[in-house]
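Chemist:
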Amino acid sequence: MTSTLTAPRTGAQQSTPDRTNWHGAGVWTQIVVLTGRSLRAVLKDPRIVVFSLLQPLIMLTLFSQVFGKALMSSIQTGSYINYLMPAILVTTGIGASLQSGVGLITDMKNGVLGRFRSLPIRMGSVLLARSLADLFRTAVQLVILLGAAAVLFGFSPKGGFLGTFSAWLLALLVSWSLTWVFLAIASWVRKEEVMQSVGFLAMFPLMFASSAFVPLDALPDWLSIVARINPLTYAVDASRDLSLAMPVGTGVLSAVGTSAVLLVVGAFFAVKGFRRPL
């Protein structure tokens, strides 16, 4: 009979943790940490916050003050600022969504994502964290816009707080769905110049060939046809119906359904493209 003697482990050996089975933190922990990282990057550079607010504020001022009186006879809400502001909520969210794609490409170029790939981090968590951080930033941005519109231009819709809050939520949903679309585009093109060109080519027809700034009846016949099939028109009209306490009908459901489809499709292609080698 033979016996096997096991040498006692030293103190150093006993204190060494076994990392062979460590697979990193949980998914939700990863999302929270990565979301905080993206938000801190924005807060460290106040210029990002300032410039992201200037563009929608300038647009709000120009359209409300320059075109307001000229279009008063074409609207039925009694105040052009009440007609305009729901559209500004939606269009501002589109601009913020485009910046999400540009930010993702920046992270690809500066080596951050390369370091993430060497860690036990799910790539889907990286994308979700970026989308949530940008969604939070957009939410704050829209609140500031609403406050400025109320204080400076007398924005006071009939729907009151509940209607405005509902329009705000709808604008965030539309923005989040388009964020995933632009993240998908960014994960495939991977060039800032191309990303910005594609984004602006998509944004301007969506914004101006819609009911965002002018009622459909005031548009030329051919442009009115384009605007009626523009998906942004449904989102703007639904936001406007909510804030102005107008009959909602199926407009809100159409906007929510379209946003949900864009979100799912965009997330699928974003994750698929993001997993490609850098």
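Residue 1 is where the sequence shown starts when you use the UniProt record's numbering, and the numbers rise one by one after that. Beta carbons: idealized from backbone N, C-alpha and C, even for Gly.
Quick check on the burial criterion: 16 or more other C-beta atoms within 10 angstroms. Buried or exposed for Phe268?
Modeler: Along the sequence shown, read from residue 1 onward, the residue named residue 268 stands at position 268. Counting Cβ neighbours within 10 Å, Phe268 comes out exposed, since fewer than 16 surround it.
Chemist: Please classify Ile144 as buried or exposed, where buried requires at least 16 neighbouring CB atoms within 10 angstroms.
Modeler: As a first step, residue 144 must be located in the sequence shown, where it is residue number 144. By the 10 Å Cβ count, Ile144 comes out exposed.
Chemist: Roughly how many whole angstroms lie between the Cα atoms of Ala171 and Asn82?
Modeler: As a working note, residue 171 is residue 171 in the sequence shown. As a working note, residue 82 is residue 82 in the sequence shown. Taking the straight line joining both Cα atoms gives about 16 Å.
Chemist: So, with DSSP's three-state summary, where would you put Pro231?
Modeler: Your numbering for residue 231 matches position 231 in the sequence shown. Reduced to three states, the DSSP call for Pro231 is helix.
Chemist: In the DSSP assignment, find the unbroken alpha helix (DSSP H) run with Phe155 in it and report its ends.
Modeler: What you label residue 155 is simply residue 155 of the sequence shown in a count that begins at 1. Where Phe155 is concerned, there is no enclosing alpha helix (DSSP H), given that its DSSP letter is neither H nor E.
Chemist: Is the beta carbon of Arg122 closer than 8 Å to that of Val27?
Modeler: Position 27 of the sequence shown, counting from 1, holds the residue named residue 27. Position 122 of the sequence shown, counting from 1, holds the residue named residue 122. In this structure, Arg122 lies closer than 8 Å to Val27 by Cβ.
Chemist: What is the DSSP secondary structure of Pro277, counted as helix, strand or coil?
Modeler: By one-based count along the sequence shown, residue 277 stands at place 277. Looking at Pro277 - three-state DSSP - the assignment turns out to be coil, as it is neither helix nor strand.
Chemist: Measure the Cβ-Cβ separation of Trp218 and Leu232 and say whether it is below 8 Å.
Modeler: Along the sequence shown, one-based indexing puts residue 218 at 218. Along the sequence shown, one-based indexing puts residue 232 at 232. Note that residue 218 corresponds to Ala in the displayed sequence, not to Trp. Taking 8 Å as the Cβ cut-off, Ala218 and Leu232 do not qualify as a contacting pair.
Chemist: Could you tell me the distance, in whole angstroms, from the CA atom of Leu146 to the CA atom of Ser118?
Modeler: As a working mapping, residue 146 is identified with position 146 in the sequence shown. As a working mapping, residue 118 is identified with position 118 in the sequence shown. Cα to Cα, the separation comes out at about 43 Å.
Chemist: What residues in its chain sit with their C-beta under 6 Å from that of Gly93, if we drop five residues either side in the sequence?
Modeler: Counting from 1 along the sequence shown, the entry for residue 93 is found at position 93. So the qualifying residues of the chain are Thr138, Ala171, Val174 and Ser175.
Chemist: Give me the Cα-Cα distance between Gly163 and Gly111, rounded to the nearest whole angstrom.
Modeler: By 1-based counting over the sequence shown, the position of residue 163 is 163. By 1-based counting over the sequence shown, the position of residue 111 is 111. When rounded, the distance between both Cα atoms is 44 Å.
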